[in-house]
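Here is the structure we will look at.
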Amino acid sequence: MNELPLSVVICTYNRADLIGLALADLTRQTLDTRQFEIIVIDNNSRDTTPEVVRPFTEQYPHIRYFFEGKPGRSIARNRGWQEARGEFVAYLDDDIRVDPQWATAMLRALQQTPRPLAVGGLVEPWYAETPPAWFVRDFELRSWGDQPGYIPAQRAPFGFAGGNMGIAKKVLQQYGGFQEELGGGGEHMPRMGEETDLFFRIYKDHQAEADRIFWFEPAARIQHWTPARNWQIPYRLQRSHASGAARAWMMQVKPYSWQYWRVLAFGVKSTFRLLKSLATTKHPMKTEWVKYRQTLAYLKGFSDESRTLK
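Residue numbers (the working numbering): 292 to 601.
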């Protein structure tokens, strides 16, 4: 029998300058502290993260700290649900600000009847400094609209942003959590998408009910730190390439299969969308051009990874 309704897991790596802000926000939640715990998984940080977290664990009994010496975001996330006492496990990134109603909204969505298999919340950008004019909010916004509801079946396979999601612990146990081949860790750009892979595996087992498995809850709102590197175009293209490669890997798409061509056909559609948007959008032309280049980088990553799966 689980002791708590909700466990909130934050996996962190060398974010001593930010983790304290997230924890401070979580101590100001409207949800009664008897209803949830906060678990910090320190994924082999070499900065002062333990010193930053210690005052919180000393002052707040519902905050617990664990050191995970094996690097890797998937490894840290798996350690989180394995340590969790809650019926549900919610994951947050370590570089966020959290709305006071977040825990209440997340738990309410997870407990509703019929219960969704997972819940995702709203992720808005929190800028470290003023971005350039072409860098619009949509680049870092993770949303399914203003109203709560299930993700449409055709969009369900890839779920939610991993930095604001909740799922039943028994579901994590059933699927073995996150694949350690994904998520990487430390100081390089690894193969991405460990949470997307989990959602995709769940989706494959529930395709007949795909429009009733993943719930989006905009009231579970966070702001995600967006540093200046996020508007450096080479970084954005690298991230898009890695995302495309991860999709090909998790889908195990062989080159020149129908799935391969179906995804690459998106590039043709995006070209027409670019031409249309240049004539109609209110955004700077550079905004649309960067979006287009990101799509091409994503498709190249998808194609490159597919060719390794022969």
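By construction, the Cβ of each residue, glycine as well, lies at the ideal position given by its N, Cα and C atoms.
When C-beta atoms of the segment 435-448 are compared with those of the segment 504-511, three or more pairs fall below 8 angstroms, so the two segments count as touching. The Cβ atoms of residue 449 and residue 368 do not sit closer than 8 angstroms to each other.
A direct Cα-to-Cα measurement between residue 487 and residue 366 gives close to 15 angstroms. Annotated three-state conformation of residue 543 is coil, per DSSP. Per DSSP, reduced to three states, the secondary structure at residue 309 is coil, with no helix or strand assignment. Annotation for residue 591: 532 and 535 place their beta carbon closer than 8 angstroms to its own, counting only its chain and skipping 5 residues before and after.
Between the C-alpha atoms of residue 499 and residue 446 there is a straight-line separation of about 14 angstroms. Residue 526 and residue 520 have their alpha carbons spaced roughly 7 angstroms apart. Inclusion of residue 394 and residue 451 in the CB contact set at 8 angstroms is not warranted, their separation being larger than that value.
DSSP places residue 491 inside the alpha helix (DSSP H), whose first and last residues are 485-496. Straight across, the Cα-Cα distance linking residue 453 with residue 411 is about 8 angstroms. Taking every protein chain shown into account, the CB of residue 407 has 16 or more other CB atoms within 10 angstroms, so this residue is buried. Distance from the Cα of residue 464 is smallest, within the candidate group 378, 593 and 413, for 378.
For residue 312, the closest C-alpha among the options 356, 305, 389 and 304 is that of 389.
CA-CA distance, residue 523 to residue 513, rounds to 23 angstroms. Distances from the CA of residue 460 to each of 502, 401, 360 and 472 were compared; the closest alpha carbon is that of 401. According to the DSSP secondary-structure assignment, residue 416 is paired through a beta bridge with 515. Three or more beta-carbon pairs separated by less than 8 angstroms are not found between the segment 423-438 and the segment 349-364, which leaves the two stretches without contact.
Scanning the segment 447-480 from its first residue to its last, the whole alpha helix (DSSP H) runs of 4-plus residues come out as 460-466.
By the neighbour-count criterion, in which 16 or more other beta carbons inside 10 Å mark a residue as buried, residue 353 falls on the buried side.
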